[in-house]
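Position 88 of the sequence shown, counted from 1, bears residue number 88 in the numbering used here, the numbering being contiguous throughout. Backbone N, C-alpha and C fix where the C-beta goes; we use that ideal spot for every residue, glycine too. Everything numeric in this text was worked out from a predicted model, so none of it was measured.
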Amino acid sequence: MTPTLSGRIQSRIFLALLIGVPWTILLTPFLPGIRIDGEGFVGFGPGMYPVTFTALGLMIVLGAVVWDPLYHGLQQFRWERDWPSMFALLTVINEAVLLWFVLSAVGVDGGGRAQMSTFVVHIATTWLLMWLFAVGPIRVVLLRYRFSGGRILRRW
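In C-alpha cells:
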C-alpha cells in the first residue's frame, strides 16, 4: 500500500525517536564543537547535546510541517503515488539545507552556531540509519506497517 500523509508523518516521528535519539546520544560526544565567531571551537563533546537535539527536533518539526506535505503533494503526480526508496534517501540534501539555515537562525547554545562538519556528520548519519531501518527492519518489527499506509497508530 502507498504511504498516506499521516503514515509518512508518523513514520518520521517514530524513526526519529526510535533511531535518531539513541544515535544522537551515542554520536554527540565524538562530534566537533561549536564555532563562536573569531574564538575557535568551544563546547567539544558532550557540550554539543543542545545543538544536536535541537537539530533532531527541528528535523522532525520541519519534516512533518513542511517536507512531508510537500513530498506527498508531489507524489500525487506519479502514477504509483510514491517514489523510489533512493529518492527518500536523497531527500536529506534539501532537508538539510533548510535545516542548516533554521538551526543557524535559532542560534543554539548562547548564540553559537553549529560547525558545518558537526551538522553534516550528525544529520547524514542519522538520516542514513533512519532510512536503513525504514526500508528493512521496520517491516519485521511492525508487521502491518506496509498494509496500513505506513501508519504506526491506526486511528491517527
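Run of the alpha helix (DSSP H) containing residue i, from where it starts to where it stops
{"i": "residue 69", "result": "68-75"}
{"i": "residue 13", "result": "5-15"}
{"i": "residue 90", "result": "85-90"}
{"i": "residue 175", "result": "Residue 175 falls outside the range modelled here, since the chain spans only 1 to 156, and no answer is possible."}
{"i": "residue 27", "result": "21-27"}
{"i": "residue 57", "result": "49-62"}
{"i": "residue 139", "result": "138-141"}
Inter-residue Cα distance where the pair is residue i and residue j
{"i": "residue 153", "j": "residue 66", "result": "21 angstroms"}
{"i": "residue 76", "j": "residue 47", "result": "43 angstroms"}
{"i": "residue 74", "j": "residue 55", "result": "25 angstroms"}
{"i": "residue 69", "j": "residue 122", "result": "24 angstroms"}
{"i": "residue 107", "j": "residue 52", "result": "12 angstroms"}
{"i": "residue 8", "j": "residue 28", "result": "27 angstroms"}
{"i": "residue 82", "j": "residue 134", "result": "15 angstroms"}
{"i": "residue 129", "j": "residue 141", "result": "16 angstroms"}
{"i": "residue 25", "j": "residue 99", "result": "19 angstroms"}
Beta-carbon proximity of residue i to residue j, cut-off 8 angstroms
{"i": "residue 62", "j": "residue 103", "result": "no"}
{"i": "residue 6", "j": "residue 151", "result": "yes"}
{"i": "residue 64", "j": "residue 13", "result": "yes"}
{"i": "residue 125", "j": "residue 32", "result": "no"}
Proximity test, Cβ basis, 8 angstroms: residue i and chain B
{"i": "residue 11", "result": "Among the chains in the structure shown there is no chain B, since it carries only a single protein chain."}
Assumed close pair residue i, residue j - CB separation to whole angstroms, cut-off 8 angstroms
{"i": "residue 60", "j": "residue 16", "result": "5 angstroms"}
- Task: Tell me, please, whether the stretch 18-27 touches the stretch 80-99 by the rule of three or more beta-carbon pairs shorter than 8 angstroms.
- Result: no
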